[in-house]
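Engineer: The listed protein sequences correspond, in order, to chains U and D.
Numbered according to the numbering used here, the first sequence terminates at residue 340, and the numbering increases by one at each position without gaps.
Numbered according to the numbering used here, the second sequence terminates at residue 360, and the numbering increases by one at each position without gaps.
Idealized CB from N, CA, C, for every residue including glycine.
Computed from a predicted model, the values in this text were never measured in an experiment.
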Amino acid sequence: MRQGTARGIPHGTARGTVRGTVRATVRGARLYPAVAAGGFRRYATYGTATAAGVFTNTVFGFVLAYTYVALWDERPGLGGYDQAQALTFVWVSQSLLAAGALIGGGFQEEMQERIRTGDIAVDLYRPADLQMWWLAADLGRAGFQLLGRGVVPLLAGALAFQLALPADPLRWLLFLVSVVLALLVSFGVRYLLGLAAFWLMDGAGINLVAVVVTVFFSGMLLPLTVFPGGFGEFVRVLPWSAMIQVPLDVLMGVHSGAGGAVRALAFQSVWALVLLGAGRLLQSAATRKVVVQGG
Amino acid sequence: MGGDALIELEGVEKVFDVRRRTGLMRREKRQVRAVDGISFEVARGEVVGYIGPNGAGKSTTIKMLTGILTPSGGRLRVAGIDPARERMRLAHRIGVVFGQRTTLWWDLPLKDSYGLMRRMYRIPRARFEENLERCVDRLDLAELLDVPVRQLSLGQRMRGDIAAALLHDPDVLYLDEPTIGLDVVSKAKVRAFLRQLNAELGTTVLLTTHDLQDIEQLCERVMVIDQGRLMYDGALAGLHSMGEGGGERTLVVDLERELPEISVEGARVVKVDGPRQWLAFPAGASAAPLVAEVAARYPLLDLSVREPDIEDVIARMYERGQG
Ligand SMILES: Nc1ncnc2c1ncn2[C@@H]1O[C@H](COP(=O)(O)OP(=O)(O)O)[C@@H](O)[C@H]1O
Ligand SMILES: [Mg+2]
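1. Compare the C-alpha of Gly92 of chain D against each of D:Tyr211, D:Gly86, D:Thr245 and name the closest.
2. Threshold first: 3 residues or longer. Then list the beta strand (DSSP E) segments lying entirely within the segment 155-195 of chain D, N to C.
3. Report the three-state DSSP secondary structure of Met288 of chain U (helix, strand or coil).
4. Run through the DSSP bridge pairs and tell me what Asp339 of chain D is partnered with.
5. How close, in whole Å, do the beta carbons of Val291 of chain U and Ser231 of chain U come, if the pair is a contact with beta carbons under 8 Å?
6. For Val85 of chain D and Gly339 of chain U, I'd like the C-alpha separation in whole angstroms.
7. Using 8 Å for Cβ pairs, my map puts Gly233 of chain U next to Ala242 of chain U. What's the rounded Cβ distance?
8. Identify the continuous beta strand (DSSP E) that holds Met268 of chain D and give its terminal residues.
9. Where do the ends of the beta strand (DSSP E) carrying Glu257 of chain D lie?
10. Please state the DSSP three-state secondary structure of Thr66 of chain U.
11. If you run the structure through DSSP and keep just helix, strand and coil, what is Phe206 of chain U?
12. Listed in chain order, which residues of the segment 162-173 of chain U have Cβ atoms closer than 7 Å to some Cβ of chain D?
13. Please state if the CB of Val137 of chain U and the CB of Tyr113 of chain U are separated by a distance shorter than 8 Å.
14. Exposed or buried, what is Pro336 of chain D when buried is set at 16 or more other beta-carbons lying within 10 Å of its beta-carbon?
15. Is it the case that the CB of Asp174 of chain U approaches a heavy atom of ligand 2 more closely than 7 Å?
16. Using the beta-carbon of each residue, find all residues closer than 7 Å to any heavy atom of ligand 2 and list them in chain order.
17. Taking Phe53 of chain D as the query, report the chain U residues whose CB atoms sit under 7 Å from its CB, ordered along the chain.
18. Checking 8 Å against the spacing of the C-beta atoms, do Met270 of chain D and Phe77 of chain D come in under that value?
19. Assuming Leu43 of chain D is part of the alpha helix (DSSP H), what are its boundary residues?
20. Using C-beta distances below 7 Å, list every residue in its chain close to Ala209 of chain U, excluding the 5 sequence neighbours before and after it, in chain order.
21. Could you give the first and the last residue of the continuous alpha helix (DSSP H) run that contains Ile160 of chain U?
22. How far does the beta strand (DSSP E) with Glu302 of chain D in it reach, from first residue to last?
23. Starting from the beta carbon of Ala128 of chain D, find every residue of chain U whose beta carbon is closer than 8 Å, and list them in chain order.
24. Can you list the alpha helix (DSSP H) stretches of 4 or more residues lying completely in the segment 228-314 of chain U, in chain order?
25. Would you verify that the beta carbon of Thr90 of chain U is, or is not, closer than 8 Å to some beta carbon of chain D?
26. Could you tell me whether the segment 94-110 of chain D touches the segment 164-174 of chain D, using the rule of 3 or more Cβ pairs below 8 Å?
27. What residues of chain U sit near Lys100 of chain D, judged by a beta carbon separation below 8 Å?
28. Taking 8 Å as the threshold (beta carbon to beta carbon), is Arg86 of chain U in contact with chain D?
29. Shorter than 7 Å, the distance from the beta carbon of Gln68 of chain D to the closest heavy atom of ligand 1, or not?
30. Are Gly344 of chain D and Arg266 of chain D close, meaning C-beta to C-beta below 8 Å?
31. Could you tell me whether the Cβ atoms of Lys226 of chain D and Arg196 of chain D are closer together than 8 Å?
Listed below in structure tokens is the structure:
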């Protein structure tokens, strides 16, 4: 009797899985935008947190701005920027900081917590791709924080200081593309950190290291062009520079000509692809580990 | 049965490697046989209780049935699908509720999660609305739809999770401890809902629980698992008779003041704590005459009857098995 039923049961075929993937991708066309919209709405519900964030970014912006003024008075043209450009650097990076979750506050702590508690099991039996899901949710969050936490500090900075913001709408468009790529790169790095929780007992340690690295290597504290020689070259090709330094150079038109901007976007795209690809590999290793060892 | 089995397990095993630090550099490798050769079949439309003490292997079994854990050995099919190999395909056929976890989006209104489910499972709009309406109606969710999930009580959240697991018309619903920590009203709602679901849609239900009342009110069939092995598979009545002799209920009485041990026929005092006393009596006997006698002879303030919990019944079962 048992054998009878056994023979009647089709085994999973490779073709079935491929079909499944295709179907999942088509389905994704409607699922993930909805996930992103959810990510946006979710952060929109935290009014006080947003206000507090805006306040912090603005205060921090002023502190940095006055420091930069002193620094650039002393060393005009430092890092290849004049004072207005240096101040633009300060205020635009304060506007991007929350959206890129550069000093935390994105999905990664939440993901690590889900892994630690085993809640990640719930995410695994659902017919959705883990990376796409988190990416969509994070882009939704970033979209909200770009507006909710980006606009006010930039306006405050523009009112209080002379900034080097471009008038050319094309430049702004390129900047927007560059920001989206910056968000992808930032997600790519943070997704790897999130997945690390499958192997580490506690994510707090690497999160802290990641914040320190990001603060220094993205250009958030000082433009990366300030760093001299080989070390400067090195930090400028790391993925973190794609998060702040590159979008700002695109905005201010530091790269000469259209080719310069395209090269800058290509640099970001390559890092985005590499990191997202690495995330997929690590994700399948993590899934295998869960499925075999139970997390 | 044969061809009608929706769930089939044959000698299924799950062995976990557990590494433990025993010294600074030394590590000890140990194996835990969480599921140790289990075979059973569940036919379409059955409601089966899967019970056993903590660490027995219940959740591990459910995880293998969803495909999020691969068996270390044996053969397993759900709706003809090998769960671990085709997890995504299986997902469309099953609904899963883990009592202590949620599939709902924490910060968003309940209804937003349902919208995501519709897209994730590609549920046709009309079908989705019909299913949602039924769930909302029967699980009393109407007032909760606009409430962020984080503001729901445990019972409300659980009802919300059960609805989420059913919108895509799964053939089978797995529930891992769906009533744990729930208030009495929520428990009753959940049970009534599951009964109706099974009666009307024929959904197969496999649930783990610690609450004997869940089993009594829902399941014609019970499976008992201990240390990864199936100890019993059959009707609930049979389980009771296996536990008989020790299967006792408890009458908890609150007296007006501290008194010596109550002495009534058919019951014995097992515990005294100030004015409160616990009386054990056979599970098969009626509590009514006992209550009447206590009330007539003692200054009674309040009383309640406690059912034997499953751990108890099972413990007796093993005692008898070994004796
Ligand atoms: N991922 C895991 N790694 C190691 N041991 C595990 C893992 N999951 C469960 N176990 C062990 O397997 C046994 C069965 O666990 P479980 O299925 O959760 O029991 P139940 O749900 O019946 O309480 C327990 O001894 C538990 O400690
Ligand atoms: Mg369990």
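Structural biologist: In this structure, then:
1. D:Thr245
2. Entirely contained in the segment 155-195 of chain D, not one beta strand (DSSP E) run reaches 3 residues.
3. coil
4. D:Asp291
5. Not confirmed; about 12 Å, so no contact.
6. A direct Cα-to-Cα measurement between Val85 of chain D and Gly339 of chain U gives close to 25 Å.
7. At roughly 16 Å, the Cβ-Cβ gap does not stay under 8 Å, so Gly233 of chain U and Ala242 of chain U are not in contact.
8. 266-272
9. It is not in any beta strand (DSSP E) - Glu257 of chain D carries neither H nor E in the DSSP assignment.
10. Note on Thr66 of chain U: pLDDT 49, under 50, position unreliable in the model; the coordinate value appears next. The answer is helix: DSSP assigns Thr66 of chain U an H, G or I state.
11. coil
12. Residues of the segment 162-173 of chain U with a C-beta atom less than 7 Å from some C-beta of chain D are Asp164, Ala166, Val167, Leu169, Tyr170, Arg171, Pro172, Ala173, listed in chain order.
13. no
14. exposed
15. no
16. D:Lys95, D:Ser96, D:Asp213, D:Glu214, D:Thr245
17. Gln338, Gly339
18. Residue 270 of chain D is actually Asp in this sequence, not Met. A contact, by the Cβ cut-off of 8 Å.
19. Leu43 of chain D -> not in any alpha helix (DSSP H); beta strand (DSSP E) instead, spanning 42-58.
20. Ala129, Gln130, Thr133, Met297
21. 153-162
22. Counting along the chain, Glu302 of chain D falls outside any beta strand (DSSP E), and DSSP gives it neither H nor E.
23. Tyr170, Arg171, Pro172
24. 249-262, 274-282, 290-297
25. yes
26. no
27. Ala166, Gly339
28. yes
29. no
30. Just to set this straight, residue 344 of chain D is Glu in the shown sequence, not Gly. The answer is no: Cβ separation not under 8 Å.
31. Yes, these two residues count as a Cβ contact at 8 Å.
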